[in-house]
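Undergrad:
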Amino acid sequence: MQSVRQIAEEIVAREGGFVNDPDDPGGATNFGVTIHTMRRLGLDLNRDGRVTVADVRTLTRDRAIVIFEKHYFEKPLIARLPDVLHATVFDMYVNAGSNAIKILQRLLRDMGHSLSVDGALGPQTIGAAQTAFMAAPDHLADAYGIARRNYYLRIADRRVASRKYARTRAGRKGGWIRRAEEFISERYHLTDRQFQERVASWG
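First residue of the sequence shown: 144, per the numbering used here; consecutive thereafter.
1) When you compare only the Cα positions, how much space is there between A299 and V209?
2) Starting from the N-terminal side, write out each stretch of the alpha helix (DSSP H) that is 4 residues or longer and does not extend beyond the stretch 249 to 331.
3) Below 8 Å on the Cβ atoms is my guess for Q273 versus P225; work out the distance and round it to an integer in Å.
4) Is I289 closer than 8 Å to Y236 when the C-beta atoms are compared?
5) Alpha carbon to alpha carbon, how far is G318 from W345?
6) Three-state secondary structure (DSSP) at V196?
7) Apply the 10 Å Cβ neighbour rule to L184 and answer buried if 16 or more other Cβ atoms are within range, or exposed otherwise.
8) Just checking, does the stretch 211 to 218 make contact with the stretch 245 to 256 on the three C-beta pairs under 8 Å criterion?
9) Starting from the Cα of I246, find the closest Cα among G160, R182, E158, R291 and give me that residue.
10) What residues match up with V162 in a beta bridge as DSSP calls it?
11) Can you give me the Cβ contacts of A243 inside the same chain, cut-off strictly under 7 Å, excluding the 5 residues immediately before and after it?
12) Does F338 pass the burial test, meaning 16 or more other C-beta atoms within 10 Å, or should it be called exposed?
13) Do you know offhand how far I150's Cα is from R157's?
14) V176 and A207 - do their beta-carbons sit closer together than 8 Å?
15) Distance check for K316 and M144, CA to CA, integer angstroms please.
16) Under a three-way DSSP split, which group does T177 fall into?
17) I'd like to know whether the C-beta atoms of V194 and F174 end up nearer to each other than 8 Å.
18) Assign V199 to buried or exposed, taking buried as 16 or more other Cβ atoms, counted over all protein chains shown, within 10 Å of its Cβ.
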């Protein structure tokens with residue numbers, strides 16, 4: 144089983160370096176850490192009294208890893224989930240914040256558990272996840288990954304500017320979809336034809 148540090152290192156590698164895409168609501172980002180996160184944490188790295196794009200550029204890989212471990216794994220209580228969910232929920236929390244937990248909560252509700260969809264890991268959600276894992280230990284991570292993939296696709300359905308993250312210019316799976324499928328057994332990956340049928344309405 145991977146350690147939290149190993150998972151965080153993989154997330155940073157997956158996120159890459161500095162990006163400032165105007166179509167990304169996250170704004171300027173470095174190693175997956177957004178300017179909004181840095182402002183929330185008060186990371187004025189150049190000590191000029193403001194947290195700006197310059198601070199985002201200054202962020203180091205090692206510091207990003209520590210931020211993820213503390214604020215995206217430990218603080219949200221992801222460690223209390225079944226081990227099979229650690230990597231995928233942690234990765235999704237970095238990518239989408241509390242929506243990572245809402246995806247899990249909706250999945251657990253679909254599985255028959257009664258709980259609120261509030262984006263916070265409390266006793267009910269943690270207990271329901273443990274029960275679901277005991278009932279289907281070989282399928283829970285796949286079910287979450289599929290729900291995650293569907294979440295990305297629904298965003299792209301609604302927001303034209305986000306479609307470039309879900310589909311490449313060549314019409315193949317984009318970064319969002321490939322990222323979700325890294326945590327799904329290969330037998331549940333969309334084939335090229337299935338993917339093209341799913342996104343055909345995008346034009």
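C-beta atoms are modelled at their ideal positions from N, C-alpha and C, and glycine is treated no differently.
TA: So, from the data block:
1) 31 Å
2) List check, alpha helix (DSSP H) in window: 266 to 278, 283 to 301, 306 to 309, 318 to 324.
3) 6 Å
4) no
5) In this structure, the CA atom of G318 is about 17 Å from the CA atom of W345.
6) In the structure shown, V196 sits in a helix (DSSP, three-state: H, G or I).
7) exposed
8) no
9) The shortest Cα separation from I246 among G160, R182, E158, R291 belongs to R291.
10) T172
11) V232, M235, Y236
12) buried
13) Answer to the nearest angstrom: the Cα atoms are 10 Å apart.
14) yes
15) About 28 Å.
16) strand
17) no
18) buried
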